[in-house]
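**Q** Heads up: the sequence shown begins at 0 in numbering that gives the first Met the number 0, then just goes up one per residue.
Glycine residues also receive a C-beta, built at the ideal position from the N, C-alpha and C atoms.
Small disclaimer: the values here were computed from a predicted structure and weren't measured.
Please read through the structure below; I'll follow up with questions.
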Amino acid sequence: MSRRHLHRRRLLPATLAALAVLAGTTAAPAAAPRPPAISATGLGALDDTYYQDALGKTGTALKGALHAIISDQSTLSYSQVWDALKDTDEDPADSSNVILLYTGRSEPKSDNGGNAGQWNREHVWAKSHGDFGTATGPGTDIHHLRPADVAVNSARGNKDFDDGGAEVAGAPGNYTDGDSFEPRDAVKGDVARMILYMAVRYEGDDSFADLEPNDRVSNGSAPNIGRLSVLKTWSAQDPPDTFERRRNDVIFDRYQHNRNPFVDHPEWVEAIW
């Protein structure tokens, strides 16, 4: 763990202005009609509508209010996730490619599968932590599913998140040891906010486990992932950027119709934990 502070990124100024939603034609899997997209009109509109029941709250009250809000969602099958990720993680410089989470590599959308050099579906909250597999629900929730290089996805496995370790082959800036994985600086905050989204969304009031972060590693099959203290630091160090905000908008407008509240309000991380 001696390397854990050698590659911190400088703090970037956070911005809370929501991005205009990029035009698209991908159909959402929801059968019920939804109101027109409001994310294009900014965070103020979201606070006046989507988040109105959460404003002014902190701690468990805020977590409970956000759980009620974001639990109203459409769901995808695991096969539908392939096409959804081609939309949510599209390379802004090349619409035929996706950006891979850990490597940052731009890879053809069509080059998905299980072979070396291809990309597959990474569960950022490892699916064995709570034993939800690829069942519709947490196993197909694209707020925490991202395209990843097959080999790097395997190297991460189901490890918890922490600083340090040896650099991952083929993925500069990512580190791993026997019990943890550290992503590259540019997506540290993304990883943290995806984990914390899962902890708020899945509270054990459905058929799935109550997912909670803790300050440990080696959580195994328990419905926990750590380290919470490190994830909080990563969220502060790497505020939401244009790519992450667009991704949140696309999931909301075209697919699940719910949002990751920590992308819109990163200050809520500290307000809850």
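On the CB-based measure, 16 or more other CB atoms within 10 Å of its CB, does A17 come out buried or exposed?
**A** Below a pLDDT of 50, predicted positions are generally treated as unreliable, and A17, at 38, falls in that range; the measurement from the model is reported next regardless. A17 comes out buried.
**Q** Do you know how far the Cα of I271 is from the Cα of K218?
**A** The sequence shown places Asn at residue 218, not Lys. Each residue's Cα considered, the two are about 22 Å apart.
**Q** Count the other C-beta atoms from every protein chain shown that fall within 10 angstroms of the C-beta of P212, then say buried if there are 16 or more, exposed otherwise.
**A** Buried, since its Cβ has 16 or more Cβ neighbours within 10 Å.
**Q** Tell me, please, which residues DSSP counts as bridged to T175.
**A** DSSP, once it has assigned bridges, lists A165 and F180 as partnering T175.
**Q** L54: buried (16+ other C-beta within 10 angstroms of its C-beta) or exposed?
**A** By the 10 Å Cβ count, L54 comes out exposed.
**Q** For W124, which residues from the same chain have a beta carbon less than 8 Å from its beta carbon, with the 5 sequence-adjacent residues on both sides left out?
**A** Only P137, H143, M193, I194, M197, L210 and I224 meet the Cβ criterion.
**Q** Select from H256, G63, D140 and G41 the residue whose C-alpha is nearest the C-alpha of K126.
**A** Nearest option by C-alpha distance: D140.
**Q** What is the rounded straight-line gap between the Cα of D93 and the Cα of R246?
**A** Computed Cα separation, rounded: 16 Å.
**Q** At what residues does the beta strand (DSSP E) containing L144 begin and finish?
**A** L144 to D148 is the extent of the beta strand (DSSP E) around L144.
**Q** Could you pull the DSSP bridge partners for R120 from this structure?
**A** R120 is bridged to P146.
**Q** Is DSSP giving E269 helix, strand or coil here?
**A** Correct three-state label for E269: helix.
**Q** Check for me: the beta strand (DSSP E) holding I98 runs from which residue to which?
**A** That run of the beta strand (DSSP E) goes D93 to I98.
**Q** Between D214 and D161, what straight-line distance do the alpha-carbon atoms span, to the nearest angstrom?
**A** If I take the Cα positions, the gap works out to 10 Å.
**Q** The beta strand (DSSP E) that contains S105, what's its start and end?
**A** It spans S105 to P107 - the beta strand (DSSP E) in which S105 sits, taken as one unbroken run.
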